[in-house]
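Residue numbers (the working numbering), protein chains in the order written: chain A, 1 to 155; chain B, 1 to 108.
A virtual CB, placed ideally from N, CA and C, is assigned to each residue, including glycine.
For clarity, every value in this text was computed on a predicted model and none was experimentally measured.
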Amino acid sequence: MAERREIAMTREYDAPREEVWAAWTEPARLATWWGKRGWHVDPATVEMDVRPGGRFALTSEDARGNRMPQSAVYREVVAPERLVIDEPAADNWHGGAVTTVTFTDLGDGRTRMEFRASIATTEEMAQTAAGGVADTLDRLGEHLTTTEHTEEQSA
Amino acid sequence: MATDQLSTTYAALSDPTRRAILARLADGDATVNQLAEPFPMSVQAVSKHIKVLERAGLVARGRDAQLRPSRLEAAALEEAAGWLDGYRRFWEDSFDRLGDHLAKGCDG
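Here it is as structure tokens:
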């Protein structure tokens, strides 16, 4: 059963709103920051048709050559204030999400960026998240991460 | 991603006893009796929990007919845990990097 789970994050950047907007909407700039640390985006793989209904796609790659393609569609484009991006499950590593990014000019050369993602999940996943499973999973995650690092070092 | 399998996995993780069993197994393989020790419930009840974890692919059991020690299936758990946190981590990393990118832009 599909449910939605919300994740919200807010960042303030010491940069004008137009700069932050450009970092999101110009392929060469987006490629410099998109993705987890340890991954990089080849600017040549970035497709951006920044208008409602336009396609947004790119491929990330890590040092070991693992490739992660992502594909999405712009739902709303209101320069330089607001972007809504729909990431269908079929084209992504996660279960599908709609992300809304809002840029607010703080008036002193700084910009507040509010990010809200509505993620497709199942009822069980939502309940598990709400049930405070985080601590146990964190501990297990640490354990698993440690194991993985050990293996990498010995390899 | 196999969403159905993930649903089964998350259903299995939704129970505190089963999460405690997994936490115990993260420290090493254990028999049903060892796993049942800390819980105020019968070995049979704990065995049922282990079966749920097994069906979810989170736990595998050894071939020793007497002891049948359980072992954590790290990959399945990592996928489940990764799903919960992975999405957030993706964006947190990205937004940190965006900050670096913007700082460079303003200096230059």
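What runs of the alpha helix (DSSP H), each 4 residues or longer, lie entirely inside the segment 27-91 of chain B?
Every unbroken stretch of the alpha helix (DSSP H) spanning 4 or more residues and falling wholly within the segment 27-91 of chain B is given here in chain order: 32-36, 43-55.
Taking C-beta to C-beta, are residue 101 of chain A and residue 73 of chain A nearer than 9 Å?
Against a cut-off of 9 Å, the Cβ pair of residue 73 of chain A and residue 101 of chain A comes out as no contact.
So which residues on chain A does residue 89 of chain B lean against when the C-beta distance must stay under 7 Å?
Identification of chain A residues near residue 89 of chain B by a Cβ-Cβ cut-off of 7 Å yields 36, ordered along the chain.
Residue 19 of chain A, buried or exposed, once every other Cβ within 10 Å from all chains shown has been counted against 16
Buried is the call here.
Against chain B, does residue 50 of chain A count as a neighbour if the rule is that its beta carbon must be under 9 Å from one of theirs?
No, residue 50 of chain A does not count as interfacial toward chain B.
Runs of beta strand (DSSP E) lying entirely within the segment 11-40 of chain A, each at least 3 residues, in chain order:
Secondary structure remark: continuous beta strand (DSSP E) runs of at least 3 residues inside the segment 11-40 of chain A: none found.
Chain B contacts made by the segment 18-29 of chain A, where a contact means CB separation under 8 Å
Considering only beta carbons, the part of the segment 18-29 of chain A lying closer than 8 Å to chain B consists of 19, 20, 23, 29, in chain order.
Can you find the residues in the same chain that come closer than 7 Å, C-beta to C-beta, to residue 7 of chain A, ignoring five residues on each side of it along the sequence?
117, 119, listed in sequence order.
Can you check whether the C-beta of residue 13 of chain A is within less than 9 Å of a C-beta belonging to chain B?
Contacts with chain B at 9 Å (Cβ-Cβ) include residue 13 of chain A.
Using a Cβ cut-off of 9 Å, pull out every chain A residue sitting near residue 39 of chain B, in sequence order please.
Residues of chain A with a Cβ closer than 9 Å to the Cβ of residue 39 of chain B do not exist, since the nearest Cβ in that chain sits about 15 Å away.
Helix, strand or coil at residue 24 of chain B [DSSP, three-state]
Residue 24 of chain B carries a helical assignment under DSSP once its states are collapsed to helix, strand and coil.
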